[in-house]
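Chemist: Sharing a structure with you now.
In this note's numbering, the protein residues as written are 173 to 371.
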């Protein structure tokens, strides 16, 4: 072995030893830096799991909120549709009421032009006394021989049953109209009903 070879081996051995020592020192440093105490690791894992659970709860709340929003939007659309239907119905009823009022006024005008003439004195007196007894319910026009009832006197809106007060007034009126003095006259009833559905 010559001197050059010997020098090379010594240098190679030192370099290899130094390399091994450097690698060992690096591993130790890495192990010292990379190691986390178990307690700290457990705390971090617990915090992570807690955050995952909170995220799942939040996602569930979000889904519930979206479902509620969808339901509310559906209810709002239904209410808007109902409102539109009611407005259309109300407009139609206003037209019906306007037509009824116009028809009523036309009938009143026709009746106003009728001249039935005065009734016999006994019938006149009986009808005048009935009108005086129930001034809020009926009016009697002696010149025309006409009785006019107040609005909604006979029935409550949406009802088919006679009011108690109306029954009494109509009973007394029937007695007068069925008397011998009024038997030669024709009774004409003119009126209208409301458009409130029967309950």
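Positions of the beta carbon are idealized from the N, C-alpha and C atoms, including for glycine.
#1: Could you round the C-beta distance between residue 348 and residue 279 to whole angstroms and report it? I think they count as a contact, below 8 Å.
#2: Determine the direct distance from the alpha carbon of residue 321 to that of residue 311, and round the result to whole angstroms.
#3: If residue 362 sits next to residue 337, beta carbons under 8 Å apart, how far is it from one beta carbon to the other, in whole angstroms?
#4: If you draw a straight line from the alpha carbon of residue 250 to that of residue 257, how long is it in whole angstroms?
#5: Quick check on the DSSP output: the alpha helix (DSSP H) that includes residue 349 runs from which residue to which?
#6: So residue 379 and residue 290 are in contact, right, with Cβ under 8 Å, and what is the actual spacing, rounded?
#7: Going straight from the alpha carbon of residue 328 to that of residue 335, what length do you get?
#8: Would you kindly check if the distance between the Cβ of residue 371 and the Cβ of residue 333 is under 8 Å?
#9: Specify the secondary structure class of residue 248 as computed by DSSP and reduced to three states.
#10: Identify whether residue 324 lies in helix, strand or coil by the three-state DSSP scheme.
#11: Helix, strand or coil for residue 270 per DSSP?
#12: Do you know offhand how far residue 235's Cα is from residue 229's?
#13: Straight-line CA distance for residue 366 to residue 294?
#14: Closest to residue 319 by CA distance: which of 339, 326, 212 and 345 is it?
#15: Could you name the residues of the same chain whose beta carbon sits closer than 6 Å to that of residue 292, not counting the 5 residues immediately before and after it, in chain order?
#16: Beta-carbon within less than 6 Å of residue 341's beta-carbon, same chain only, minus the 5 sequence neighbours each way: which residues are those?
#17: Once you ignore the five residues that flank residue 358 on each side, which residues in its own chain have a CB closer than 6 Å to its CB?
#18: Specify the secondary structure class of residue 313 as computed by DSSP and reduced to three states.
#19: Which residue comes first and which comes last in the alpha helix (DSSP H) that contains residue 296?
Modeler: On the basis of the data shown:
#1: Not quite, the Cβ-Cβ distance comes to about 23 Å (not below 8 Å), so this is no contact.
#2: Those two C-alpha atoms are separated by around 6 Å.
#3: With a Cβ gap of about 21 Å, residue 362 and residue 337 do not count as contacting.
#4: Taking the straight line from one Cα to the other gives about 11 Å.
#5: Where residue 349 is concerned, the enclosing alpha helix (DSSP H) starts and stops at 336-349.
#6: Since the first residue of the chain shown is 173 and the last is 371, residue 379 is not available in this structure.
#7: Looking at the two C-alpha atoms, the distance is approximately 7 Å.
#8: For residue 333 and residue 371, no; Cβs fall outside 8 Å.
#9: Three-state DSSP puts residue 248 in a helix.
#10: Residue 324 falls in the coil class under three-state DSSP.
#11: Per DSSP, reduced to three states, the secondary structure at residue 270 is helical.
#12: Computed Cα separation, rounded: 10 Å.
#13: Linking residue 366 to residue 294 through their CA atoms gives a straight-line distance of about 35 Å.
#14: The option with the nearest alpha carbon to residue 319 is 345.
#15: The residues are 353.
#16: Hits under 6 Å: 306 and 309.
#17: For residue 358, where only same-chain residues beyond five positions count, there are no Cβ hits under 6 Å.
#18: Residue 313 carries a strand assignment under DSSP once its states are collapsed to helix, strand and coil.
#19: Unbroken alpha helix (DSSP H) run through residue 296: 293-305.
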